[in-house]
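Colleague: Protein chains in written order, with our numbering: chain D, 4 to 115; chain Y, 108 to 227. One structure is given below, represented as structure tokens, and several questions about it will come after.
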């Protein structure tokens with residue numbers, strides 16, 4: 004079993020739709036939960052992160068973590084074609100240099 | 108551009124050859140990470156350095172792989188006797204360690220564009 008599980012998709016939605024991306028994790032020591040966005044032929048870039056359980060909102064993006072169920076979510080409101088990318092969930096503890104464990108990534112297509 | 112840079116961007120080699128990749132982190136970032144990403148998968152941790160010290164290595168890093176970070180600046184990743192299974196994107200990232208501040212503060216890792224390796 005991978006430490007971070009993510010449905011690879013692909014997920015195709017019309018412009019303006021609400022997108023829901025989800026992951027589960029297995030390591031109880033994880034304290035930081037991140038969402039990275041990766042465009043084709045580029046390195047991942049951090050979208051947002053959450054410490055422990057809770058919600059975090061940044062513009063059209065909302066990240067949620069439920070540590071009791073080990074569930075990580077990212078919601079994108081009013082999705083745009085420019086949101087088309089691969090979204091990687093990731094987790095780390097606060098030791099070991101923040102070694103980061105990534106999910107497989109979900110490929111998202113937003114159609115105009 | 109003051110981001111993480113990696114060279115070369117693409118490398119095609121024949122099985123059995125040795126290859127070396129270079130990563131230049133963001134200046135003043137004393138942590139440097141190497142990840143490997145295969146098609147349809149997320150990045151997998153390989154190793155990380157704090158300054159020149161290699162502090163952790165994944166079991167994925169076989170004896171054919173070696174990473175160095177002399178003087179705590181740029182880093183190199185060498186693969187000896189390449190195999191077709193080594194074909195992947197090799198990503199480098201750097202971060203600046205948190206000094207003080209709340210434990211809720213995450214040390215963002217900034218990724219380079221990667222080196223795509225194809226082993227024929």
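Cβ atoms here follow ideal geometry from the backbone N, Cα and C, with glycine treated the same way.
Is the shortest distance between the beta-carbon of residue 152(Y) and the beta-carbons of chain D less than 9 Å?
Modeller: The C-beta of residue 152(Y) comes closer than 9 Å to at least one C-beta of chain D.
Colleague: What residue from 157(Y), 212(Y), 142(Y), 170(Y) has the CA that sits closest to residue 221(Y)'s CA?
Modeller: 142(Y)
Colleague: Using a 10 Å radius around the Cβ and a threshold of 16 neighbouring Cβ atoms, would you call residue 80(D) buried or exposed?
Modeller: exposed
Colleague: Using 9 Å as the threshold, is the C-beta distance between residue 1(D) and residue 33(D) below it?
Modeller: Beyond the ends of chain D as shown, which are 4 and 115, falls residue 1(D); an answer cannot be given.
Colleague: Touch check for the region 20-30 of chain D and the region 184-204 of chain Y: three-plus C-beta pairs under 8 Å?
Modeller: no
Colleague: What is the DSSP secondary structure of residue 124(Y), reduced to helix, strand or coil?
Modeller: coil
Colleague: If contact means a Cβ-Cβ distance below 9 Å, which residues of the region 172-204 of chain Y contact chain D?
Modeller: 196, 198, 199, 200, 202, 204
Colleague: Between the region 130-142 of chain Y and the region 171-187 of chain Y, do at least 3 Cβ pairs fall closer than 8 Å?
Modeller: yes
Colleague: Around the Cβ of residue 197(Y), are there at least 16 other Cβ atoms within 10 angstroms (buried) or fewer (exposed)?
Modeller: Buried: at least 16 other Cβ atoms inside 10 Å.
Colleague: With residue 227(Y) and residue 121(Y) assumed to form a contact (beta carbons below 8 Å), what rounded beta-carbon distance in angstroms separates them?
Modeller: 5 Å
Colleague: Below 9 Å on C-beta distance, what does residue 52(D) contact in chain Y?
Modeller: 213, 215
Colleague: Would residue 101(D) pass as a contact of residue 216(Y) if the rule is Cβ separation under 9 Å?
Modeller: yes
Colleague: Rounded to a whole number of angstroms, what is the C-alpha to C-alpha distance between residue 16(D) and residue 109(D)?
Modeller: 13 Å
Colleague: Considering only their Cβ atoms, is the gap separating residue 103(D) from residue 37(D) smaller than 9 Å?
Modeller: yes
Colleague: Would you mind telling me which residues of chain D sit closer than 9 Å to residue 218(Y), beta carbon to beta carbon, in chain order?
Modeller: What residue 218(Y) touches in chain D, judged by beta-carbon distance under 9 Å, is 39, 41, 45, 46, 47, 48, 49, going in chain order.
Colleague: With 9 Å as the threshold, decide whether the Cβ of residue 7(D) is near any Cβ in chain Y.
Modeller: yes
Colleague: If you count every other CB in all the chains shown that lies within 10 Å of the CB of residue 13(D), and 16 or more means buried, which is it?
Modeller: exposed
Colleague: Of all Cβ atoms in chain Y, is any one closer than 9 Å to the Cβ of residue 19(D)?
Modeller: no
Colleague: Applying a beta-carbon distance threshold of less than 8 Å, which residues of chain Y neighbour residue 104(D)?
Modeller: 152
Colleague: Can you name the start and end residues of the beta strand (DSSP E) that residue 63(D) belongs to?
Modeller: Counting along the chain, residue 63(D) falls outside any beta strand (DSSP E), and DSSP gives it neither H nor E.
Colleague: Pull up the DSSP beta-bridge partners for residue 156(Y), would you.
Modeller: 139(Y), 161(Y)
Colleague: Cβ of residue 54(D) within 9 Å of Cβ of residue 92(D)?
Modeller: no
Colleague: What's the gap between the Cα of residue 203(Y) and the Cα of residue 129(Y)?
Modeller: Answer to the nearest angstrom: the Cα atoms are 19 Å apart.
Colleague: Using a C-beta cutoff of 9 Å, does residue 138(Y) count as contacting chain D?
Modeller: Taking a beta-carbon distance threshold of 9 Å, residue 138(Y) counts as an interface residue toward chain D.
Colleague: In the structure shown, what three-state DSSP assignment does residue 219(Y) receive?
Modeller: coil
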